[in-house]
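**Student:**
There are 2 protein chains.
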Amino acid sequence: MNSDYGVPRELSEGTTVRVEFGDGTTTADYSSSHVISRAFPHTYGQPLAHFLRATAKVTDAHIISEHPVIRVGVVFSGRQSPGGHNVIWGLHNAIKTHNPTSVLLGFVGGFDLLGRTVDQIRTTEQVNATRAACIALKLDGLVIIGGVTSNSDAAQLAESFAETKCSTKVVGVPVTLYGDLKNQFVEMNVGFDTICRVNSQIISNICTDALSAEKYYYFVRLMSRKASHVALECALQSHPNLVILGEEVSLSKLTIFDITKQICDAVQARAEQDKYHGVVIIPEGLIESIPEVYALLQEIHGLQRQGVSVENISSQLSPWASALFEFLPPSIRKQLLLLPESDDSAQLSQIETEKLLAHLVEAEMNKRTKEGTYKGKKFNAICHFFGYQARGALPSKFDCDYAYVLGHICYHILAAGLNGYMATVTNLKQPANKWRCGAAPITAMMTVKQYIGATPIGKPALHPATIDLKGKAYQLFREKASSFLLDDIYRNPGPMQFEGPGADVKPFTLCVEDQDYMGRIKKLQEYLEKVKSIVKPGCSQEVLKAALSSMASVTEVLSVMSAPSFNGQIPL
Amino acid sequence: MNSDYGVPRELSEGTTVRVEFGDGTTTADYSSSHVISRAFPHTYGQPLAHFLRATAKVTDAHIISEHPVIRVGVVFSGRQSPGGHNVIWGLHNAIKTHNPTSVLLGFVGGFDLLGRTVDQIRTTEQVNATRAACIALKLDGLVIIGGVTSNSDAAQLAESFAETKCSTKVVGVPVTLYGDLKNQFVEMNVGFDTICRVNSQIISNICTDALSAEKYYYFVRLMSRKASHVALECALQSHPNLVILGEEVSLSKLTIFDITKQICDAVQARAEQDKYHGVVIIPEGLIESIPEVYALLQEIHGLQRQGVSVENISSQLSPWASALFEFLPPSIRKQLLLLPESDDSAQLSQIETEKLLAHLVEAEMNKRTKEGTYKGKKFNAICHFFGYQARGALPSKFDCDYAYVLGHICYHILAAGLNGYMATVTNLKQPANKWRCGAAPITAMMTVKQYIGATPIGKPALHPATIDLKGKAYQLFREKASSFLLDDIYRNPGPMQFEGPGADVKPFTLCVEDQDYMGRIKKLQEYLEKVKSIVKPGCSQEVLKAALSSMASVTEVLSVMSAPSFNGQIPL
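Following this line, the structure appears as structure tokens:
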């Protein structure tokens, strides 16, 4: 295999790279910025960095031409994700190409090459141990490969290292199969494409089977954590009959009975077309998106934090929470009582929401049959949980390329002496030779989650991005949803291909969105420069007047949009 | 796609085909042959047929040069299997190439193109309805695509049609994902390769996940019916830690406690190497291979045939069966009480043997921990059933080719006017242009299952072939089993490829066996001809003496080996 595979021209081995810095960064949630800047005094507000091929013409930018020996540590943090190893491959090649005496050290933790240990580097003890190890090993850089939680930890480590004058620079890499580390700077995560393709393959097989057997409803739960990105992408790839997105449930505040009713109505509508089979996709995070179940889980976790033992929890719940708890089947009750994960969410992979829903739907259909409102055949469900069978998959070509390039970028971030940055590749929906390589301060991706009124409290961190219900991918899904439901237009993308047709496909959710945020930031800078160059002292009164009036209006709109109360909708 | 794809030279479109007939056929179990010949007076003992490209030199063979219009019906019988549609494609192309006015009609039943209805064509009512339909539609041929049960039905139909002078010829095609329609004439079934490759892909992903997470034992049950062919092939492809083959359990008469103990000993041996993860493969037929469970199931099915209701069965079991029944967890009890399938086996896909074993192993490990004989970490199991997600897969390249060729052969069988034959392709482990195309009477593949002493009783039928524990594939597995168990030499064949490296792989179990039975039959005929041509009247006394003595010895050995009591071992 060509080790230079998929690397954009800018970074191909041996070329000299220049770093171009953008403006200092802020955060998407303007109102949290002061909280974040106070928490990260050494690493907040750093500029964006773009890595470009150095050309003779450009002289003002920072060209990295010296490549002293460097010592870099790399660690997988949290759950495994396909493609993680390819980051290491890219990083190793970049390091060795620029200086063969440089060293890459792997720390045990995460993924099969290095094994999996703890899910976090967060407590004072963990941070101090990490610092001590970095000093003892004389590391110039520490690369942390992981998702939302791991990269939050990376930012915290970077700040702590800067504060204590530890010279190790910390770099994060967005690798998580859930696809929920998404923001202005990060279009996609390594692993997501593979997970969606493996899951779509088997969901599609299940769809074909449903259509052949004509007697089962398959309820398929997908490993995806809180957000439903995996479910949305798989829906666009496979066209199953029904997908219950957690984000829709949250927005509409649907109760578990509302959801059951919706599924039953779908079963009934299909029965009227003489169809007694179907495929229903359920993201594992759905259970937490149901308001009353979420409230119940919060009560349970609160009691657990107070040290209440498992046997005593149910008796100490509030009356309404207790009523819901007692209504649930015993197996689900037991699963809800499991201790929460390191990010405080429930153990989503262990809660069999698909069985709960299949059970409730069956009961409701039997009730409708008794009442005579449903006259079709008996409802039969078969339940599946798809998670472990995708997580260990060989990475797709896209994930290999993306991960390899991110590994390269990590080296250049360290060579440029940057700390607290995440490696980024944008313009991903274009062919790899048009990808843009860069780095963004992790603090610029942070938000503060808990609010009192409009005042943010709580610790700044990266938070899982949920599906943008105004985004193009979701809109595309919505347009097709009723056809998916009734027409059985199942689509089988087949197994992931490494060569030939299909090898170069990319996630739908990546390809339909307008991305290239970094490119658009650059475009804005060009406009501003252009205005400056036109409106120079000596320009006509008319030009100055037009510029002032236009800019006044632009700044006013933007000020309103960035005010604390603004939540994405223009106030009317 | 090239419609001539994968067709051996002999049958490529437009070439004239000649049929070469071999000797009349017998059955592998010599002692049943008279029972079968009595049951199938019109279709037993027909000769093998070989289809070859007609060359100018050969004149004595039957060359099919006339291609009148024919009307053919095709039906999928029983469960769906990847590649079934490709048989129709091959059949349709062959029919239309030889006479564009010929007609192919599809009957509803099985698979998604035609939908699934009943699993059999067996009762007098079904046979008569089929005959009436064939006559009404003026069918020259009826092609039945399916597994062991469907092809037994095909043979019965053929005999019944011949007896009643119905002119429709019946042809069977070996398409079953279980890979259990295996005999002297049939090396492999359409669908098996795909199923094993899809299952191996996800088993391998599970193995990688186990090795990454280092904390779970995955218990994976595979859809495979009575035999363990799928499990054996997947084991050779993925190298999981442990595979419990039903055939081994049957042979060694292992009880459910023996199996539990074996798994626990494996867990303990791995814990001593500080390994607390693993992957255990369980064929769905295992449950019927455990002697005491099989006996229990027989009792339950017997009571069901007597019309005893589900609630009353447990009270009418014999004392020992009742004791076992009560010992089992309630969910398993419920599953054992399901009505048997059309082939009298239990509803294997519904019995969660993997959960039963995981439950028993956990209990035993806890017991060992309490007793102090096990000092390792707590045993954690996650259970999976892989079936539906493979059954609807796109067929592999091998299955496409194989199915397409079988479809072609069906046409030539009908053009040659043969009835009660199965289409066969041998030499499958060689590239497609070396495949040998033929047809064998289905009756020659039959056995009679129930014996009183050495006397066969019961109805002749095709029976699922079990794993040959003296075969090379099993031997290969056995040699590696202890390394699989302890060394975690997991192998990930990756997703099925349609182009590039890996696209042309074939099942291990196909490639390691010495096959080409038909080729060897031909070789034997050549030897016999050679002897005849040497020992002609006029040959020397010495030659005649040597021939007589040698042939006497050969016939004696073969007579002993074919005697009723002979069960595959030379009597000492």
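Protein sequences, first through last, are from chains A and B. Sequential numbering from 1 applies to the first sequence in this note's numbering. Sequential numbering from 1001 applies to the second sequence in this note's numbering. From the three backbone atoms N, C-alpha and C, an ideal C-beta is built for every residue, glycine too. Just so it is clear, the structure is predicted and the values come from calculations on it, not from any experiment.
1. Nearest to Pro283/A by alpha carbon, out of Pro431/A, Thr123/A and Thr466/A?
2. Spell out whether any CB of chain B is found under 9 Å from the CB atom of His384/A.
3. Alpha carbon to alpha carbon, how far is Phe379/A from Ser1349/B?
4. Using only CA atoms, which one of Gly1307/B, Ile1409/B, Ser1314/B and Gly1285/B lies nearest to Leu1296/B?
5. Within the continuous alpha helix (DSSP H) that includes Glu1247/B, where are the two ends?
6. Who are the neighbours of Phe988/B on chain A, taking C-beta pairs under 7 Å?
7. Can you tell me whether DSSP reads Glu292/A as helix, strand or coil?
8. For Thr1260/B, report the span of its alpha helix (DSSP H) as first-last.
9. Decide if the segment 1016-1027 of chain B is in contact with the segment 1381-1388 of chain B; the criterion is three or more beta carbon pairs, one per stretch, under 8 Å apart.
10. Span of the alpha helix (DSSP H) holding His1229/B?
11. Within 10 Å of its beta-carbon, does Leu1052/B have 16 or more other beta-carbons around it, so buried, or fewer, so exposed?
12. In three-state terms, what does DSSP make of Cys383/A?
13. So what does DSSP say about Lys1434/B, is it helix, strand or coil?
14. For chain B, check one thing: does any of its Cβ atoms lie closer than 9 Å to the Cβ of Cys134/A?
15. Based on the DSSP secondary-structure assignment, which residues constitute the bridge partners of Glu20/A?
16. Verify the CB distance criterion: does Ala1213/B have a CB-CB separation below 9 Å to chain A?
17. Anyone know if the C-beta pair for Thr443/A and Tyr44/A falls short of 9 Å?
18. Run through chain A and tell me which residues come within less than 8 Å of Tyr1218/B, C-beta to C-beta.
19. DSSP has Ala461/A in a bridge; who is on the other side?
20. Would you call Tyr1404/B buried or exposed, if buried means 16 or more other Cβ atoms sit within 10 Å of its Cβ?
21. In whole angstroms, give me the CA-to-CA distance for Asn427/A and Pro174/A.
22. When the cut-off is 9 Å and only beta carbons count, does Pro240/A lie next to chain B?
23. Between Pro441/A, Val505/A and Glu288/A, which lies nearest to Phe40/A when the distance is taken from Cα to Cα?
24. When burial is assigned at 16 or more other CB atoms within 10 Å of the CB, is Arg221/A buried or exposed?
25. Do Gly1078/B and Gly1146/B have their C-beta atoms within less than 9 Å of each other?
26. May I ask you to list the residues that DSSP assigns as paired with Ile1070/B?
27. Alpha carbon to alpha carbon, what distance is there between Asp1140/B and Ser1167/B?
28. Determine the extent of the alpha helix (DSSP H) in which Pro1319/B is found, giving its start and end residues.
29. What separation, rounded to the nearest whole angstrom, lies between the Cα atoms of Lys1261/B and Cys1437/B?
30. If you follow the alpha helix (DSSP H) that Gly90/A is in, where does it begin and where does it stop?
31. What did DSSP end up calling Lys378/A once you bin it into helix, strand or coil?
32. Considering only C-alpha positions, which residue in the set Lys275/A, Ile413/A and Ser342/A is nearest to Ile63/A?
33. When Cβ atoms are compared, which residues of the segment 1480-1504 of chain B fall closer than 7 Å to chain A?
34. Between Gly1106/B and Gly1191/B, how many whole angstroms is the CB-CB distance? I'm expecting something under 8 Å.
35. Excluding the 5 residues flanking Lys506/A on each side, which residues of the same chain have their C-beta closer than 7 Å to its C-beta?
36. Exposed or buried, what is Glu1320/B when buried is set at 16 or more other beta-carbons lying within 10 Å of its beta-carbon?
**Tutor:** From the atom records:
1. Along the first sequence, read from residue 1 onward, the residue named residue 283/A stands at position 283. Checked all of Pro431/A, Thr123/A and Thr466/A; the closest Cα to Pro283/A is Thr466/A.
2. Reading the first sequence from its first residue, position 384 is the one you call residue 384/A. For His384/A, the nearest beta carbon of chain B is closer than 9 Å to its own beta carbon.
3. As a first step, residue 379/A must be located in the first sequence, where it is residue number 379. As a first step, residue 1349/B must be located in the second sequence, where it is residue number 349. Rounded to the nearest whole angstrom, the C-alpha separation of Phe379/A and Ser1349/B is 18 Å.
4. For this step, residue 1296/B is matched to residue 296 along the second sequence. Minimum Cα distance to Leu1296/B is reached at Ser1314/B.
5. Taking the first residue of the second sequence as 1, we reach residue 1247/B at position 247. Counting along the chain, the alpha helix (DSSP H) containing Glu1247/B begins and ends at Gly1246 to Ser1252.
6. Outside the displayed range of chain B (1001 to 1572) lies residue 988/B, so it cannot be described from this structure.
7. Mapped onto the first sequence, residue 292/A falls at position 292. Three-state DSSP puts Glu292/A in a helix.
8. Residue 1260/B sits at position 260 when you count from the first residue of the second sequence. In the DSSP assignment, Thr1260/B falls within the alpha helix (DSSP H) that extends over Ile1256 to Ala1271.
9. Too few Cβ pairs lie closer than 8 Å, so no.
10. Here residue 1229/B corresponds to residue number 229 of the second sequence, with the count starting at 1. Start and end: His1229 to Ser1238.
11. Here residue 1052/B corresponds to residue number 52 of the second sequence, with the count starting at 1. Buried is the label assigned to Leu1052/B, since at least 16 other Cβ atoms lie within 10 Å of its Cβ.
12. Start at 1 with the first residue of the first sequence, and residue 383/A comes out as number 383. Correct three-state label for Cys383/A: strand.
13. Looking up residue 1434/B in the second sequence gives position 434. Note: Lys1434/B maps to helix in three-state DSSP.
14. Walking along the first sequence from the start, residue 134/A turns up at place 134. Cys134/A is outside the set of residues whose beta carbon lies under 9 Å from a beta carbon in chain B.
15. The sequence position of residue 20/A within the first sequence is 20, counting from 1. Note: Glu20/A is bridge-paired with His50/A in the DSSP secondary-structure output.
16. By 1-based counting over the second sequence, the position of residue 1213/B is 213. Under the Cβ criterion of 9 Å, Ala1213/B is counted among the residues facing chain A.
17. Your numbering for residue 443/A matches position 443 in the first sequence. Your numbering for residue 44/A matches position 44 in the first sequence. Contact flag set, yes.
18. On the second sequence, position 218 is the one that residue 1218/B refers to. Within chain A, the residues whose beta carbon sits less than 8 Å from that of Tyr1218/B are Tyr388, listed in sequence order.
19. On the first sequence, residue 461/A is found 461 positions in, with the first residue counted as 1. Paired residue(s): Thr447/A.
20. Walking along the second sequence from the start, residue 1404/B turns up at place 404. Burial of Tyr1404/B is indicated by the presence of at least 16 other C-beta atoms within 10 angstroms of its C-beta.
21. In the first sequence, the residue the question calls residue 427/A occupies position 427. In the first sequence, the residue the question calls residue 174/A occupies position 174. Distance between the alpha carbons of Asn427/A and Pro174/A: 16 Å.
22. Along the first sequence, one-based indexing puts residue 240/A at 240. No, no contact with chain B.
23. Residue numbering aside, residue 40/A sits at position 40 when the first sequence is read from its first letter. Cα-wise, what sits closest to Phe40/A is Pro441/A.
24. Here residue 221/A is taken as the residue at index 221 of the first sequence, counted from 1. Classification for Arg221/A: buried.
25. Here residue 1078/B refers to the residue found at position 78 when the second sequence is read from its first residue. Here residue 1146/B refers to the residue found at position 146 when the second sequence is read from its first residue. Yes, Cβ-Cβ distance for Gly1078/B and Gly1146/B is below 9 Å.
26. Working through the second sequence from its first residue, we reach residue 1070/B at position 70. The partner list for Ile1070/B (beta bridge, DSSP) is empty, contrary to what the question assumes.
27. As a first step, residue 1167/B is located in the second sequence; it is residue number 167 there, counting from the start. As a first step, residue 1140/B is located in the second sequence; it is residue number 140 there, counting from the start. Looking at the two C-alpha atoms, the distance is approximately 7 Å.
28. For the purposes of this step, residue 1319/B is taken as residue 319 along the second sequence, with counting starting at 1. For Pro1319/B, the uninterrupted alpha helix (DSSP H) segment begins and ends at Pro1319 to Phe1327.
29. As a working mapping, residue 1261/B is identified with position 261 in the second sequence. As a working mapping, residue 1437/B is identified with position 437 in the second sequence. Roughly 48 Å between the two C-alpha positions.
30. As a working note, residue 90/A is residue 90 in the first sequence. Here the alpha helix (DSSP H) through Gly90/A covers Gly84 to His98.
31. Looking up residue 378/A in the first sequence gives position 378. Of the three classes helix, strand and coil, the one that applies to Lys378/A here is coil, per DSSP.
32. As a position in the first sequence, residue 63/A is number 63, starting the count at 1. Of the candidates Lys275/A, Ile413/A and Ser342/A, the residue whose Cα lies closest to the Cα of Ile63/A is Ile413/A.
33. Taking 7 Å as the Cβ-Cβ cut-off against chain A, the residues of the segment 1480-1504 of chain B that qualify are Asn1492, Gly1494, Pro1495, Met1496, Gln1497, Phe1498, Glu1499 and Gly1500.
34. By 1-based counting over the second sequence, the position of residue 1106/B is 106. By 1-based counting over the second sequence, the position of residue 1191/B is 191. Between Gly1106/B and Gly1191/B the beta-carbon gap is near 18 Å, outside 8 Å, which marks them as no contact.
35. Your numbering for residue 506/A matches position 506 in the first sequence. Answer for Lys506/A: Asp193, Phe398 and Lys429, listed in chain order.
36. For the purposes of this step, residue 1320/B is taken as the residue at position 320 of the second sequence. According to the sequence shown, residue 1320/B is Trp rather than Glu. Result: exposed.
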